[in-house]
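Participant: First the structure, then my questions, so here it is.
Residue numbers (the working numbering): 430 to 574.
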């Protein structure tokens with residue numbers, strides 16, 4: 430796989446179904462032993478593919494905001510595969526000033542959500558929160574559902 434493949438694969442995705450070009454984006458890439466030019470160049474190719482896809486369909490391009498983007502796109506590359514993730518959660522709850530007080534959380538919200546997903550839990554089903562009142566699972570459920 431090379432930079433052109435990454436661009437082509439990224440551009441094929443239906444970005445317009447997930448967000449509009451009026452929103453700002455940021456692309457982050459993590460690489461493990463991948464023999465391409467540079468991490469910055471791969472990041473640029475992903476951003477270009479997303480923006481070019483929007484421009485072709487709507488004649489508008491999302492702007493880049495490296496600090497507080499509306500949409501975060503995460504890419505991961507290793508020697509065998511290229512994976513893109515669309516971050517639908519945004520900043521951690523504590524960074525959004527949604528908590529009145531903060532304490533030592535037993536685990537991060539994204540990890541709590543992953544545990545619930547792996548456990549097969551569905552909204553409306555009873556849930557035993559083993560975090561004993563810390564609210565980690567409750568905060569994630571409240572935000573997502």
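Built from N, CA and C at the ideal position, the CB exists for glycine as well.
Source: prediction; values computed, not measured.
1. Under a Cβ-count criterion, where at least 16 other Cβ atoms within 10 Å of its own Cβ denotes burial, should residue 444 be classed as buried or exposed?
2. Just curious, the alpha helix (DSSP H) that residue 454 is in, first and last residue?
3. Looking at C-alpha atoms only, which residue of 451, 551, 542, 510 is the closest neighbour of residue 479?
4. Nearest CA to the CA of residue 472: which residue from 488, 552, 431?
5. Does residue 482 pass the burial test, meaning 16 or more other C-beta atoms within 10 Å, or should it be called exposed?
6. Give me, in chain order, the residues of the same chain whose beta-carbon lies closer than 7 Å to that of residue 493; leave out the 5 immediate sequence neighbours on both sides.
7. Could you say which of 491, 504, 518, 470 lies nearest to residue 540 if we only look at CA atoms?
8. If you follow the beta strand (DSSP E) that residue 513 is part of, which residue opens it and which one closes it?
Facilitator: Walking through what the data contain:
1. buried
2. Per DSSP, residue 454 belongs to no alpha helix (DSSP H); it is in the beta strand (DSSP E), 454 to 460.
3. 451
4. 431
5. buried
6. 453, 454, 455, 476
7. 518
8. 511 to 516
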